[in-house]
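Participant: Next up is a structure, given as structure tokens.
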Amino acid sequence: MKRILAWILTGAGLAAGQEAKVLPLTLDQAVELALAPEGAVRLQLAGELIRQAEAQRGQARAALLPGVDGAYTFRSFTNNLEAFGVRLEIPGVPFRPPNFVGPIETSDWRAQFAWNVIDLSAWARYRAAGSRLKAANLEEQAARNRAAADVVRAYTNLQRAAQEVATAKANVELAERLRRLAESRKAAGAGTGIEITRAGVQAANERTRLLAAEEGQTAAELRLLRAMNLPLVTRVQVLDELKYE
3 MKRILAWILT GAGLAAGQEA KVLPLTLDQA VELALAPEGA VRLQLAGELI
53 RQAEAQRGQA RAALLPGVDG AYTFRSFTNN LEAFGVRLEI PGVPFRPPNF
103 VGPIETSDWR AQFAWNVIDL SAWARYRAAG SRLKAANLEE QAARNRAAAD
153 VVRAYTNLQR AAQEVATAKA NVELAERLRR LAESRKAAGA GTGIEITRAG
203 VQAANERTRL LAAEEGQTAA ELRLLRAMNL PLVTRVQVLD ELKYE
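Numbering (the working numbering), first residue to last: 3 to 247.
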């Protein structure tokens, strides 16, 4: 499957005028491509909804968990006693004690623990977030089922369209042979002009049916590419044969 994705990435950016490459696919490979992370758009949207629901559930759960907070403060300072109105003068002492005291170092450790054991609204939000997450998972699974069903339907339609094109080509070849046979018979004197005209009209009708079948095949191919979220310039060759039971 990685080789198929790499093939698509290298072949999708074809320049104008280049012939599109043909991607051979089985039904299982087509379904796997649609269910890949880069596959159907609805799967990408469903995955985004799951991530949002998980984030909301995590936020609601955080409100129920205990909270621990801590702080540490360290100070180193020097005080001027005169700034506080303190003057140290001792009678009879020929010198004065210093007015500055310090440096003084202090450490302050604080811790806080909080836990809302009974918070009915928080529990209600948590249960609601869990329900939304469950619903998002169910929606994602439903989106996967719908994407797979769309691919199976589109692949089957492309199989049928390819068989119709093959049948139309065979009818064109048969009509052309009958036209040439009518011309040969007339040249040999065993046929008539009306037989040539009738054979020519039949050949023209078969060519018209072939064009319609090829248009139907192209439309079915585009529907399959959209279901797999692949570039519309990609050409698809169905490898599984359509079986009628």
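We put the beta carbon where it would ideally sit given N, CA and C, even for glycine.
All values derive from a computational prediction rather than experimental measurement.
1. So, Asp30 versus Gln161, is the Cβ gap smaller than 8 angstroms?
2. Taking C-alpha atoms, which residue in Leu122, Leu37, Arg237 and Arg63 lies nearest to Leu224?
3. Met230 to Gln239, Cα distance in whole Å?
4. Between which two residues does the beta strand (DSSP E) containing Asn81 stretch?
5. So Leu37 is in the alpha helix (DSSP H); what residue range does that whole segment cover?
6. Taking C-alpha atoms, which residue in Trp117, Ala131 and Ser78 lies nearest to Ala55?
7. Buried or exposed for Lys245, please, with buried defined as at least 16 other CB atoms from any protein chain shown within 10 angstroms of its CB.
8. Using 8 angstroms as the threshold, is the C-beta distance between Arg209 and Val174 below it?
9. Are the beta-carbon atoms of Leu227 and Tyr128 separated by less than 8 angstroms?
10. Output the boundary residues of the alpha helix (DSSP H) element that contains Val154.
11. Would you check if the distance between the CB atom of Pro248 and the CB atom of Ser78 is smaller than 8 angstroms?
12. Within the same chain, show all residues whose beta-carbon is closer than 8 angstroms to that of Ile52, passing over the 5 residues directly before and after it, in chain order.
13. For Ile196, does the count of other Cβ atoms within 10 angstroms reach 16, so buried, or fall short, so exposed?
14. Specify the secondary structure class of Leu252 as computed by DSSP and reduced to three states.
15. Which residue from Arg146, Ala201, Leu180 and Val70 puts its Cα closest to that of Leu47?
16. Rounded C-beta distance between Asn159 and Ala222? I'm assuming under 8 angstroms.
17. If you run the structure through DSSP and keep just helix, strand and coil, what is Leu235?
18. Who are the Cβ neighbours of Glu185 in its own chain at under 6 angstroms, not counting the five residues just before and after it?
19. Distance, Cα to Cα, Arg170 vs Gln204?
Facilitator: Based on what the coordinates show:
1. Judged by beta-carbon spacing, Gln161 lies beyond the 8 angstroms limit of Asp30, meaning their Cβ atoms are not closer than that value.
2. Measuring from the Cα of Leu224, the nearest candidate turns out to be Arg237.
3. Distance between the alpha carbons of Met230 and Gln239: 14 angstroms.
4. It spans Gly69 to Asn82 - the beta strand (DSSP E) in which Asn81 sits, taken as one unbroken run.
5. In the DSSP assignment, Leu37 falls outside any alpha helix (DSSP H), carrying neither H nor E.
6. Of the listed residues, the one whose Cα sits closest to Ala55 is Ala131.
7. The residue in question, Lys245, is exposed, as its Cβ has fewer than 16 Cβ neighbours within 10 Å.
8. Yes, the pair counts as a contact, with Cβ atoms nearer than the cut-off.
9. Going by beta carbons, Leu227 and Tyr128 fall outside the 8 angstroms limit.
10. Counting along the chain, the alpha helix (DSSP H) containing Val154 begins and ends at Leu122 to Ala189.
11. The shown model of the chain, from 3 to 247, leaves out residue 248, and the question about it has no answer.
12. Correct list, in chain order: Leu135, Ala138, Asn139 and Glu142.
13. By the neighbour-count criterion, in which a residue is buried when 16 or more other Cβ atoms sit within 10 angstroms of its Cβ, Ile196 is exposed.
14. The question about residue 252 has no answer here: the residues shown for the chain are numbered 3 through 247.
15. The option with the nearest alpha carbon to Leu47 is Arg146.
16. Going by Cβ atoms, the distance from Asn159 to Ala222 rounds to 5 angstroms, so yes, they are a contact pair.
17. At residue 235 the sequence reads Val, which differs from the Leu that was named. Assigned with DSSP and collapsed to three states, Val235 falls in coil, not helix or strand.
18. Ile198.
19. In the sequence under discussion, the amino acid at residue 170 is Ala, which differs from the Arg named in the question. Whole-angstrom Cα-Cα distance: 12 angstroms.
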